[in-house]
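Peer 1: Sharing a structure, written as structure tokens. Questions coming.
2 protein chains.
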Amino acid sequence: MTARTILIVDDDTELREALVEQLSLYDEFATIQADSAANGIALAKDDHIDLLLMDVGLPDIDGREAVKLLRKNGFKAPIIMLTGHDGDSDTILGLEAGANDYVTKPFKFAVLLARVRAHLRQHEQSEDATFAIGRYSFRPAAKIMQDDKGSKVRLTEKETSILKFLYRAGEKPVTRDILLHEVWGYNSGVTTHTLETHIYRLRQKIERDPSNAELLVTEAGGYKLVP
Amino acid sequence: MTARTILIVDDDTELREALVEQLSLYDEFATIQADSAANGIALAKDDHIDLLLMDVGLPDIDGREAVKLLRKNGFKAPIIMLTGHDGDSDTILGLEAGANDYVTKPFKFAVLLARVRAHLRQHEQSEDATFAIGRYSFRPAAKIMQDDKGSKVRLTEKETSILKFLYRAGEKPVTRDILLHEVWGYNSGVTTHTLETHIYRLRQKIERDPSNAELLVTEAGGYKLVP
DNA sequence: CTGTTTTTCACATCGCCGTGAGAACAGCGA
DNA sequence: TCGCTGTTCTCACGGCGATGTGAAAAACAG
């Protein structure tokens, strides 16, 4: 499992650092931080973010407005707002603005963690889920890989399935047989040679030097994805 | 917009009726109720449910166990749990069991409403979103329509897109031009005649009598879906 | 009755996919 | 080192389904 990147936006340095520290204990997470909405929005634009934790009460822009801005700019990852008091209207307006969830301070870290995991899990099978693979941004629902330069590679159905499954496996190599069964189903009468051909075609599309794979690598009787 | 069906499971009749009454004020919702987990699970099996509201403290089965059971049986719609006291472990264990959200009693109805809407919105573009169209259950991600008898109809890419968009429009007819732009994009060089052919093929697949459409009906210079 | 909308169906093309056949390569025992 | 074997890669071929279009029939509106 590749680490998911979480952006934390809060002007309270102490809380922010505490969150970073706690989350870093789990190697399923990587963190980035910002102390203002403006900085947070800038980071969200540049980097690939899997989930956003944001305080409602920020010095520069109101949290709800920031959410609206982000969504208008095409930010699709789940957003969890951290709110000071338990104000109902905060919750309602925030959710309507485009936030996915609210957690009231003070909160137990374990509660936040559970919600973070739940939202990541959900989002990863939504239509606008986007994964970072090498220099590409991979959108399964659109069957497209987009270069960091912006040039797009169109993928076929099978190619998308293969990449989806390899991504879920993270850095670990996946056996041909397993991959075969996951993509084609258990009684498909298709041999691993078919899979190999698909891998070949994928490499022609996405590797800089197809004869020298750097992203989609052969290893231990199977394939794996290199981030 | 077709009404979404919400199943409410709670042994507190007063609260249950109150929720039903409130939700019925909006014609975007239809409600079903059950006073025990067992009854709720039974209903969830038979009917098409878009969202489940469930009390944690039920007389027969614990709410969390009920959630686990439902998920194990393949229930995919979002589940919002209603919890009496604000117990952290309740929340965490509930989310891990497969619930999507928690709301603590007492709650303002407007808050619950906002969360219900947020979850419906999210779920409708997830991979296991399922829509009820006539006697069919339509799963866009799988590109399949399943009869109430269980027989499956495989759909093509374009057919799926067309149905997805028509469903979102609800009972209102959609102009050929709009549909064309939504499915093919704005500069595709394809005429409405192509769309008409796709509609023809769809009807061959899903209508009982293709020459006498009952589901995918022509109206006002466009098409609409009849529930 | 006439022009327009809508349906019906056949045809041609294109892309996806599975397979065959051979090349390249690595490992291993003699 | 040589030869054998199994794995992996490369590439071309053929089939099939999805899609767009043409042509004509049918339905409909005025």
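Residue numbers (UniProt numbering), protein chains in the order written: chain A, 1 to 227; chain B, 1 to 227. A virtual CB, placed ideally from N, CA and C, is assigned to each residue, including glycine. Owing to the predicted nature of the structure, the values given are computational and were not obtained by experimental measurement.
1) Is the shortest distance between the beta-carbon of A:K68 and the beta-carbons of chain B less than 8 Å?
2) So A:S126 and B:Q122 are supposed to be a Cβ contact under 8 Å. How far apart are they, rounded?
3) Under the three-state reduction of DSSP, which class applies to B:Q33: helix, strand or coil?
4) Counting only beta-carbon atoms, is A:N100 nearer than 8 Å to chain B?
5) Hey, how far is the Cα of residue 258 of chain B from the Cα of B:L58?
6) What does a CB cutoff of less than 7 Å around A:D50 pick up in its chain, not counting 5 residues either side in sequence?
7) Give the residues of chain A in contact with B:T91, contact being defined as C-beta atoms less than 7 Å apart.
8) Taking 7 Å as the cut-off, is the CB of A:L58 close to at least one heavy atom of the ligand NAP?
9) Quick one: measure Cβ to Cβ for A:A66 and A:A42, integer angstroms, because I've assumed they're closer than 8 Å.
10) From B:T160 to B:H181, what distance separates their C-alpha atoms?
11) A:K143 by DSSP, collapsed to three states: which one?
12) Need the endpoints of the beta strand (DSSP E) that B:G222 sits in, please.
13) List the residues of chain B that A:D11 touches, going by C-beta distances under 7 Å, in chain order.
14) As a quick exercise: from B:I92, B:E17, B:R154, pick the residue whose alpha carbon is nearest that of A:F107.
15) Taking only beta-carbon positions, decide if B:S126 is within less than 8 Å of chain A.
16) Quick one: what does DSSP say B:T156 is sitting in, helix, strand or coil?
17) Could one say the Cβ of B:E17 lies closer than 8 Å to chain A's Cβ atoms, at least one of them?
18) Can you give me the start and stop residues for the beta strand (DSSP E) that B:E65 sits inside?
19) Could you tell me if B:K72 is buried or exposed, where buried requires 16 or more neighbouring beta carbons within 10 angstroms of its beta carbon?
20) Throw me the rounded Cβ distance for the A:Y136 and A:D147 pair, which I believe falls under 8 Å.
21) Could you check which residue in B:A118, B:A142, B:L69, B:D11 has the C-alpha nearest to that of B:L82?
22) How far does the beta strand (DSSP E) with A:V183 in it reach, from first residue to last?
23) Taking the alpha-carbon of A:V183 as reference, which of A:R139, A:L166, A:P173 has the nearest alpha-carbon?
24) Starting from B:L95, find everything on chain A with Cβ-Cβ shorter than 7 Å and list it in chain order.
25) First and last residue of the beta strand (DSSP E) that includes B:A132?
Peer 2: According to the structure shown:
1) no
2) 7 Å
3) Three-state result, B:Q33: strand.
4) yes
5) Any property of residue 258 of chain B remains undetermined from this structure, which presents chain B solely from 1 to 227.
6) R4, T5, I6, A77, L120
7) V111, A114
8) Absence of the ligand NAP from the depicted structure is noted, as is the absence of any ligand whatsoever, leaving it without description.
9) About 12 Å separates the two Cβ atoms, so there is no contact after all.
10) 15 Å
11) Under the three-state reduction of DSSP, A:K143 is assigned to coil, being neither helix nor strand.
12) 222-225
13) None at all; the shortest Cβ gap to chain B is about 26 Å.
14) B:I92
15) yes
16) Residue state for B:T156 is assigned as coil, using DSSP reduced to three classes.
17) no
18) Taken as a continuous stretch (DSSP letters only), B:E65 belongs to no beta strand (DSSP E), being part of the alpha helix (DSSP H) at 63-72.
19) exposed
20) 6 Å
21) B:D11
22) First-last for A:V183: 176-184, but that is the alpha helix (DSSP H), not the beta strand (DSSP E).
23) A:L166
24) Within 7 Å Cβ-Cβ: A114, R115, A118.
25) 131-133
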